[in-house]
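Peer 1: A single structure is presented below for examination.
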Amino acid sequence: MLAQPRQPRRQPAPRWADFSAAAIVATARNVIAMSSTTQKWSSIAAMTAVAVGSQVDPATALADLHNVTYIARIDGVAPGSQATFVLNGGQTATAPLSPMPGNVFEANEVLADPQRAGMQVVLHWPYSANVHCEIDVDDNIATQVDQFVRPKQGNSDPMSGVLQCGAPLPSA
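Dropping the structure here:
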């Protein structure tokens, strides 16, 4: 029996992200030595490869940003109430809420990680009311809490009169 000649092993096709700048420069030098027609088509192919390769490489993709809307409403008279919410970069902002019942507070922020979106609504003694707290991410309700909040007089608990919704606020 005669030995069959071995078929050469096929190398896997290279990924576009595997081409380095040196390889592209070497290819450009080879293109210079070609005829003008071949050079034109090779240039088009090289530009297409670079464009496609830059689109395919996931390491260069930017983090997705999310539109976060914080919504708070107090259904009762509660002067001095405030909302504290998370900003981009882990900072917080505090805003006064309307002392009149039913007025809606709304703040918009852009966050890279919507799981970090959080808000606290604070009522002070002697006022108590139903509180609505909502966090929307990209126009979808992510968190919603409706609860009666009653702060206690003389209570040293910092969470007395506080409604927390979403992620906990970062420590100061």
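Under full-length UniProt numbering, the first residue of the sequence shown carries the number 1, and numbering increases by one thereafter. Virtual Cβ for every residue (Gly too), placed ideally from N, Cα, C. Treat the numbers as computed from the prediction; the structure is a model and nothing was measured.
In whole angstroms, give me the CA-to-CA distance for P101 and Q82.
Peer 2: Approximately 13 Å between the Cα atoms of the pair.
Peer 1: Can the beta-carbon of H132 be found closer than 8 Å to that of D113?
Peer 2: no
Peer 1: If you draw a straight line from the alpha carbon of P126 to that of T143, how long is it in whole angstroms?
Peer 2: 28 Å
Peer 1: Consult DSSP for P170 and reduce its assignment to one of helix, strand or coil.
Peer 2: In the three-state reduction of the DSSP assignment, P170 falls in the coil class, being assigned neither a helical nor a strand state.
Peer 1: Just to confirm my understanding: we take E106, look at its own chain, exclude 5 residues before and 5 after, and list those with CB closer than 6 Å. What are they?
Peer 2: I71
Peer 1: Distance cutoff 8 Å, beta carbons only. Does R150 sit that close to anything in chain C?
Peer 2: Of the chains in the structure shown, none is chain C; there is only one protein chain.
Peer 1: Of all the options P99, D75, A117, V110, which has the alpha carbon lying nearest to the alpha carbon of A63?
Peer 2: V110
Peer 1: Return the bridge partner residues of N108 from the DSSP annotation.
Peer 2: T69
Peer 1: Return the bridge partner residues of A95 from the DSSP annotation.
Peer 2: A83
Peer 1: Measuring alpha carbon to alpha carbon, tell me which of Q91, N140, F85 ends up nearest residue 173.
Peer 2: In the structure as shown, the chain starts at 1 and stops at 172, and residue 173 therefore has no counterpart that could be examined.
Peer 1: Indicate whether residue 197 and V77 have their beta-carbon atoms separated by less than 8 Å.
Peer 2: No answer is possible for residue 197: the residues shown for the chain start at 1 and end at 172.
Peer 1: How would you label L163, buried or exposed, when you count the other beta carbons within 10 angstroms and need 16 or more for buried?
Peer 2: buried
Peer 1: Hey, out of T92, Q115, V149, whose CA is closest to R73's CA?
Peer 2: V149
Peer 1: Among the residues of its own chain, which have a CB less than 8 Å from the CB of A93, if the five just before and after it don't count?
Peer 2: T84, F85, L87, A107
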